[in-house]
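Same order as they appear, the protein sequences are chains A and B.
So in numbering that gives the first Met the number 0, spot 302 of the first sequence is number 301, and the numbers just go up one at a time.
So in numbering that gives the first Met the number 0, spot 299 of the second sequence is number 298, and the numbers just go up one at a time.
Glycine included, every Cβ here is placed at the ideal spot set by N, Cα and C.
Number of protein chains: 2
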Amino acid sequence: MTHSPLKVLIIGAAGMIGSKLMQRLAEEGAVNGAPIGRARLVDVVSPVAPAAPFPTTSEAVDIGDPLAASGLIAGQPDLIFLLASIVSGEAESEFDKGYRVNLDGGRAIYDAIRGEHLRSGGTYRPRLIFTSSIAVFGAPFPEIIGDEFFTTPLTSYGTQKAILELLLSDYSRRGFFEGVALRLPTICVRPGKPNLAASGFFSNIIREPLAGKPAVLPVADSVRHWLASPRSAVGFLVHAASISPQTIGPRRALTMPGVSVTVGEQIEALRAVAGDSAVRLIRREPNETIARIVAGWATNFTAARALALGFKVERNFAEIIEAHITDELLAKTS
Amino acid sequence: MTHSPLKVLIIGAAGMIGSKLMQRLAEEGAVNGAPIGRARLVDVVSPVAPAAPFPTTSEAVDIGDPLAASGLIAGQPDLIFLLASIVSGEAESEFDKGYRVNLDGGRAIYDAIRGEHLRSGGTYRPRLIFTSSIAVFGAPFPEIIGDEFFTTPLTSYGTQKAILELLLSDYSRRGFFEGVALRLPTICVRPGKPNLAASGFFSNIIREPLAGKPAVLPVADSVRHWLASPRSAVGFLVHAASISPQTIGPRRALTMPGVSVTVGEQIEALRAVAGDSAVRLIRREPNETIARIVAGWATNFTAARALALGFKVERNFAEIIEAHITDELLAKTS
Numbered sequence: 000m001t002h003s004p005l006k007v008l009i010i011g012a013a014g015m016i017g018s019k020l021m022q023r024l025a026e027e028g029a030v031n032g033a034p035i036g037r038a039r040l041v042d043v044v045s046p047v048a049p050a051a052p053f054p055t056t057s058e059a060v061d062i063g064d065p066l067a068a069s070g071l072i073a074g075q076p077d078l079i080f081l082l083a084s085i086v087s088g089e090a091e092s093e094f095d096k097g098y099r100v101n102l103d104g105g106r107a108i109y110d111a112i113r114g115e116h117l118r119s120g121g122t123y124r125p126r127l128i129f130t131s132s133i134a135v136f137g138a139p140f141p142e143i144i145g146d147e148f149f150t151t152p153l154t155s156y157g158t159q160k161a162i163l164e165l166l167l168s169d170y171s172r173r174g175f176f177e178g179v180a181l182r183l184p185t186i187c188v189r190p191g192k193p194n195l196a197a198s199g200f201f202s203n204i205i206r207e208p209l210a211g212k213p214a215v216l217p218v219a220d221s222v223r224h225w226l227a228s229p230r231s232a233v234g235f236l237v238h239a240a241s242i243s244p245q246t247i248g249p250r251r252a253l254t255m256p257g258v259s260v261t262v263g264e265q266i267e268a269l270r271a272v273a274g275d276s277a278v279r280l281i282r283r284e285p286n287e288t289i290a291r292i293v294a295g296w297a298t299n300f301t302a303a304r305a306l307a308l309g310f311k312v313e314r315n316f317a318e319i320i321e322a323h324i325t326d327e328l329l330a331k332t333s
Numbered sequence: 000m001t002h003s004p005l006k007v008l009i010i011g012a013a014g015m016i017g018s019k020l021m022q023r024l025a026e027e028g029a030v031n032g033a034p035i036g037r038a039r040l041v042d043v044v045s046p047v048a049p050a051a052p053f054p055t056t057s058e059a060v061d062i063g064d065p066l067a068a069s070g071l072i073a074g075q076p077d078l079i080f081l082l083a084s085i086v087s088g089e090a091e092s093e094f095d096k097g098y099r100v101n102l103d104g105g106r107a108i109y110d111a112i113r114g115e116h117l118r119s120g121g122t123y124r125p126r127l128i129f130t131s132s133i134a135v136f137g138a139p140f141p142e143i144i145g146d147e148f149f150t151t152p153l154t155s156y157g158t159q160k161a162i163l164e165l166l167l168s169d170y171s172r173r174g175f176f177e178g179v180a181l182r183l184p185t186i187c188v189r190p191g192k193p194n195l196a197a198s199g200f201f202s203n204i205i206r207e208p209l210a211g212k213p214a215v216l217p218v219a220d221s222v223r224h225w226l227a228s229p230r231s232a233v234g235f236l237v238h239a240a241s242i243s244p245q246t247i248g249p250r251r252a253l254t255m256p257g258v259s260v261t262v263g264e265q266i267e268a269l270r271a272v273a274g275d276s277a278v279r280l281i282r283r284e285p286n287e288t289i290a291r292i293v294a295g296w297a298t299n300f301t302a303a304r305a306l307a308l309g310f311k312v313e314r315n316f317a318e319i320i321e322a323h324i325t326d327e328l329l330a331k332t333s
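Structure representation (structure tokens):
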């Protein structure tokens with residue numbers, strides 16, 4: 000990456016992380032000291048562009064369309080965030096769609112970059128940040144998963160993410176682009192309405208009581224999981240755009256740091272912030288289906304490489320609640 | 000698999016392992032107690048079929064051709080060996096061809112099976128044995144690689160193999176077929192002429208002196224590697240067709256057992272069998288390129304899961320030499 004004005008492309012810019020990423024880029028106007036020259040925002044629905052100190056365009060593009068990728072890369076963006084994917088549940092229920100979007104769509108982006116790299120005589124070699132997931136791991140797990148633990152996904156979504164990680168490392172090794180794959184923790188507290196994702200309750204039991212509304216807890220208090228705030232997720236993406244690929248080395252898939260907490264610890268952190276009345280809004284309704292799905296999820300990681308590379312996350316769940324209050328509740332009332 | 004006569008398909012039947020596999024199936028006439036009804040042998044060149052107690056057909060088919068897969072699977076073979084691939088060096092020098100044959104070609108076979116599975120209303124669900132490679136691993140390594148070590152290939156070939164492993168596990172989990180991926184050690188002693196593969200010397204320094212011919216050793220005697228005989232490789236394939244997938248579980252990629260030896264230990268085993276005169280035929284010609292490539296290869300594995308599942312290999316390098324003498328030298332003179 001040179002320090003001439005950057006052309007930024009965000010694929011998946013309408014999603015929760017994508018829109019928060021764009022908000023931060025618009026506020027800072029630069030990445031790693033390089034001013035942003037322009038940003039192009041794409042998603043299956045045209046993303047809403049925030050006010051920014053640089054020109055911004057928004058488009059509706061389906062990366063599952065085999066013809067989409069070359070059009071996205073033809074302008075030779077310097078910094079590409081590949082965030083778009085079909086979510087886990089949909090990739091499981093719609094086999095063809097999941098592979099078409101999550102695997103073939105991502106690979107088409109990689110191949111379009113390679114094509115542009117070759118056409119440029121090797122001078123075009125952008126930074127590519129890809130959001131992978133801890134779904135690349137499949138139970139049974141050690142108590143704490145180290146950076147060298149194998150990827151044996153138990154969902155098609157996790158399989159597709161693991162494959163794009165492998166391709167990203169190979170294409171980076173070949174010099175077509177400088178890729179970094181970030182395995183994001185479960186994001187908590189997700190803003191917005193309660194959703195039916197199996198992981199939704201981790202956010203619901205905090206966000207809803209803080210807003211004075213009831214929330215359903217479908218699993219036991221002893222369930223442990225790996226969480227990071229939306230603010231941290233955006234921080235991972237920006238940091239990944241800033242560190243040198245030589246520092247990362249050939250193993251380009253990094254498990255991001257997170258906070259390992261039990262549901263019971265989440266609830267106690269809520270009590271400390273918002274009192275017993277908030278906690279009383281959580282209604283326990285055990286759901287065996289959700290409990291079984293969640294039992295297959297990883298609970299704790301060392302994330303040693305990512306921490307050594309300077310990726311930062313909250314130190315405890317209280318800080319995750321604070322981030323939510325600052326970024327969502329206070330931001331909206333101010 | 001039922002015990003009605005099996006329809007066997009070998010993709011890559013003209014290769015060294017493929018032809019030895021077919022030879023063994025022809026001798027035994029059955030797999031796991033089920034008689035073989037017929038065998039279909041395919042490769043980029045039409046394979047030579049040995050005499051067999053069941054009908055056998057041979058065809059030239061390029062699995063890199065996107066139209067090839069459905070024709071191979073339309074006859075609903077019960078047992079499929081997917082051995083075909085572009086070798087490591089060629090996949091590295093010819094990027095597009097490597098991905099087209101090794102990734103897209105293999106995936107097309109998987110998808111053709113899925114198509115046939117769906118058309119059959121779910122009754123067609125063959126056994127698929129895929130030969131992967133220890134090239135899915137990339138240095139740096141622990142001294143002994145365990146079964147849960149991560150796959151970070153340093154070649155496009157290794158990347159393609161790792162991706163087909165992931166797809167095989169997901170397609171098996173979905174019930175489209177019963178897949179098993181076998182990570183083969185480097186095969187030694189390879190019969191035939193010396194070749195220019197970087198790994199060729201592991202075989203050359205044994206095979207050539209045993210035939211009274213000189214051989215070149217391009218690396219230091221201290222180089223350690225992971226070897227198994229051609230006979231063991233065929234044994235792995237047949238055993239993989241026999242064990243129950245339920246026993247294997249969802250993690251379908253298995254590192255096969257091997258013998259971890261140094262080049263010096265190989266040479267001492269040769270001396271014990273064929274004396275100083277044979278050893279004197281080995282000429283040391285250090286080659287930095289080969290030494291550097293080989294330094295990135297894994298040297299030792301626990302292979303604990305495969306051993307627990309009953310996969311068998313030689314106990315030491317002397318037995319690997321014995322297998323070569325019995326299967327190649329004595330077989331030819333008798």
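Candidates the options: closest to residue i by CA position
i                : options                                  : result
GLY11 (chain B)  : B:ARG251, B:SER69, B:GLU147 and B:VAL100 : B:VAL100
ARG173 (chain B) : B:LYS160, B:THR151 and B:GLY248          : B:GLY248
VAL44 (chain B)  : B:SER18, B:ALA51, B:PHE176 and B:LEU66   : B:SER18
GLY295 (chain A) : A:GLY14, A:GLY274, A:ALA29 and A:THR154  : A:THR154
VAL41 (chain B)  : B:VAL218, B:SER198 and B:ALA67           : B:ALA67
GLU264 (chain A) : A:THR254, A:ILE292 and A:VAL222          : A:VAL222
TYR156 (chain A) : A:SER69, A:ASP326, A:VAL293 and A:SER92  : A:SER92
PRO52 (chain A)  : A:PRO76, A:ASP61, A:GLU27 and A:GLY63    : A:GLU27
PHE300 (chain A) : A:ALA239, A:ILE281 and A:PHE136          : A:PHE136
THR298 (chain A) : A:PRO217, A:LEU20, A:GLU89 and A:ALA134  : A:ALA134
ALA90 (chain A)  : A:ALA73, A:LYS160 and A:PRO65            : A:LYS160
Inter-residue Cα distance where the pair is residue i and residue j
i                : j                : result
ALA25 (chain A)  : LEU8 (chain A)   : 13 Å
GLU321 (chain A) : LEU209 (chain A) : 11 Å
HIS224 (chain B) : ASN286 (chain B) : 17 Å
TYR109 (chain B) : LEU71 (chain B)  : 11 Å
ILE16 (chain A)  : PRO46 (chain B)  : 54 Å
LYS6 (chain B)   : LEU78 (chain B)  : 6 Å
PRO184 (chain A) : ILE289 (chain A) : 18 Å
SER132 (chain A) : ALA138 (chain A) : 14 Å
THR1 (chain A)   : ALA33 (chain A)  : Low confidence applies to THR1 (chain A): its pLDDT is 49, below 50, so where it sits in the model is not reliable, and the reading given next is rough at best. Answer to the nearest angstrom: the Cα atoms are 8 Å apart.
GLU58 (chain A)  : PRO49 (chain A)  : 14 Å
VAL262 (chain A) : GLU207 (chain A) : 15 Å
ASN203 (chain A) : PRO213 (chain A) : 9 Å
ARG106 (chain A) : VAL278 (chain B) : 50 Å
ARG37 (chain B)  : GLY97 (chain B)  : 31 Å
PHE129 (chain B) : LEU226 (chain A) : 37 Å
PRO193 (chain B) : GLU177 (chain B) : 37 Å
ASP169 (chain A) : GLY211 (chain A) : 49 Å
ARG23 (chain B)  : LEU81 (chain B)  : 17 Å
ALA232 (chain A) : CYS187 (chain A) : 10 Å
ALA83 (chain B)  : LEU167 (chain B) : 15 Å
PHE316 (chain A) : PHE201 (chain A) : 11 Å
LEU117 (chain B) : GLY88 (chain A)  : 21 Å
The beta strand (DSSP E) enclosing residue i, as first and last residue numbers
i                : result
LEU78 (chain B)  : 78-81
VAL218 (chain A) : No beta strand (DSSP E) holds VAL218 (chain A); DSSP gives it neither H nor E.
Residues that residue i contacts on chain B, provided the C-beta gap is smaller than 8 Å
i                : result
PRO249 (chain A) : GLY137, THR151 and LEU153
ALA268 (chain A) : None at all; the shortest Cβ gap to chain B is about 33 Å.
Distance between beta carbons of residue j and residue i, contact taken as under 8 Å
i                : j                : result
SER241 (chain A) : ASN31 (chain A)  : 4 Å
ASP146 (chain B) : ARG304 (chain B) : 5 Å
Bounding residues of the alpha helix (DSSP H) (the contiguous stretch that carries residue i)
i                : result
THR246 (chain A) : 244-247
GLY104 (chain B) : Note, GLY104 (chain B): premise wrong, no alpha helix (DSSP H); not H, not E.
PHE129 (chain B) : Element bounds for PHE129 (chain B): not the alpha helix (DSSP H) but the beta strand (DSSP E), 126-132.
PRO34 (chain B)  : Per DSSP, PRO34 (chain B) belongs to no alpha helix (DSSP H); it is in the beta strand (DSSP E), 33-42.
GLU177 (chain A) : No alpha helix (DSSP H) contains GLU177 (chain A), which is instead part of the beta strand (DSSP E) from 177-183.
SER69 (chain A)  : 67-72
GLU58 (chain A)  : That residue, GLU58 (chain A), is in no alpha helix (DSSP H); its beta strand (DSSP E) goes 55-59.
SER45 (chain B)  : First-last for SER45 (chain B): undefined, no H or E at that position.
Closer than 9 Å at the beta carbon, the chain A residues around residue i
i                : result
ILE112 (chain B) : Those do not exist, as ILE112 (chain B) stays about 14 Å from chain A at its closest Cβ, beyond 9 Å.
PHE148 (chain B) : GLU147, PHE148 and PHE149
Contact set between residue i and chain A, taken where Cβ atoms lie within less than 8 Å
i                : result
THR158 (chain B) : LEU165, LEU166, SER168 and ASP169
ARG172 (chain B) : LEU153
Where residue i meets chain B, residues with beta-carbon distance less than 7 Å
i                : result
ALA161 (chain A) : LEU165
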